[in-house]
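With our numbering, letter number 139 in the sequence shown gets 1201, and the count goes up by one each step, no holes.
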Amino acid sequence: MQSSTKGLNDQVGYPPPPAGHSGPGPAGFPVPNQPMYNHPVYNQPGGAAGIPWMPAPPPPLNCPPGLKYLSQIDQILIHQQIELLEVLTGFETNNKYEIKNSFGQRVYFAAEDTDCCTRNCCGPSRPFTLRIIDNMGREVITLERPLRCNSCCCPCCLQEIEIQAPPGVPVGYVIQTWHPCLPKFTIQNEKREDVLKISGPCVVCSCCGDVDFEIKSLDEQCVVGKISKHWTGILREAFTDADNFGIQFPLDLDVKMKAVMIGACFLIDFMFFESTGSQEQKSGVW
């Protein structure tokens, strides 16, 4: 894995998303066979042909089960799958995502677990449980977003998400920080202690370009990473809510905080980019 790690360190920016992202259908999760170390497994049940899972690295000390994959990477790509039923009918379905490293190897698969009534009545503001599984089909990270008021005029009820790894064991939180102009968030550890900040642009516009949310130190003087919403083309942006994201963070960052960054990315997606293009214009996101 030393050569793979070196390749990640030498990489600059995000690579272009691979063409064609498909994955498990609504019926269930992929449950591939146990891969040998340093031997990626291809053609997993329910996965796209030719896309390997990332080989499992040796787990670092005090690493929660399933987070060992994050110890070897400093970039993550998140690709939301396009749901044909949503495109044709506008009926909101549970979101599903592929989570990959910068080499295009699948690290995790994520699926929303929210009831039909909540999805279609609450829309992007809905509370949700999002389950993230590894290449053995084990749920290793659980994201819990409670129902919160989505009005910027109500600072007493801001958005937040809890990150659990393994499920039931909180490792961190992402808390929206009230600001009159900018989207701001605070990253907290399992003890609710502030660790990092996230700051987005004044106008969160997903039209014809990437949108960057900077990950900063507590004093906001040093940028240590970013969460980027990638532009996916006019047709996909206008007619679907399927988005592509990239996350950059320091290679030596605690794996628990890397998992929290994944949670922050999903919260940002639901808050600002879950609607289709026409719905975003009506709601004032553009």
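Ideal Cβ positions, reconstructed from N, Cα and C, are used throughout, including at glycine. Source: prediction; values computed, not measured.
**OP:** Count the other C-beta atoms from every protein chain shown that fall within 10 angstroms of the C-beta of Gln1283, then say buried if there are 16 or more, exposed otherwise.
**Re:** exposed
**OP:** Could you please give me the residues that DSSP links to Ser1164 through a beta bridge?
**Re:** Its beta-bridge partners do not exist; DSSP assigns none.
Original post:
How is the beta strand (DSSP E) around Arg1207 delimited, first residue to last?
Top reply: 1201-1207
Original post:
When the Cα atoms are used, what is the spatial distance from Thr1155 to Val1265?
Top reply: 28 Å
Original post:
What number of angstroms, rounded off, separates the C-alpha of Tyr1099 from the C-alpha of Gln1250?
Top reply: Note that Tyr1099 scores a pLDDT of 37, beneath 50, so its modelled location is shaky; the value from the coordinates is reported in the next line. If you take the alpha carbons of Tyr1099 and Gln1250, they lie about 33 Å apart.
Original post:
If you check the beta carbons only, do Ile1225 and Gly1325 fall under 8 Å apart?
Top reply: yes
Subject >> Spatial distance of Cys1183 from Pro1189 (CA atoms) >> reply: Rounded to the nearest whole angstrom, the CA to CA distance from Cys1183 to Pro1189 is 11 Å.
**OP:** Could you tell me whether the Cβ atoms of Pro1252 and Val1233 are closer together than 8 Å?
**Re:** Checking the sequence, you will find Glu at residue 1252 rather than Pro. Yes. Within cutoff.
**OP:** Look at the alpha carbon of Ser1133 and the alpha carbon of Phe1165, and state the distance between them as a whole number of angstroms.
**Re:** 15 Å
**OP:** Go ahead and pull the three-state DSSP assignment for Arg1193.
**Re:** strand
Original post:
Using the beta-carbon count (16 or more within 10 Å), is Leu1192 buried or exposed?
Top reply: buried
**OP:** With DSSP as the reference, label Gln1221 as helix, strand or coil.
**Re:** coil
Subject >> DSSP-derived helix/strand/coil call for Leu1329 >> reply: helix
**OP:** Would you kindly work out how many angstroms separate the C-alpha atoms of Cys1125 and Ala1118, rounded to a whole number?
**Re:** 13 Å
Original post:
Looking only at C-alpha atoms, which of Met1319, Asn1157, Gly1271 sits nearest to Arg1181?
Top reply: Asn1157
**OP:** Starting from the Cα of Asp1331, find the closest Cα among Lys1259, Glu1222, His1241, Arg1254 and give me that residue.
**Re:** Glu1222
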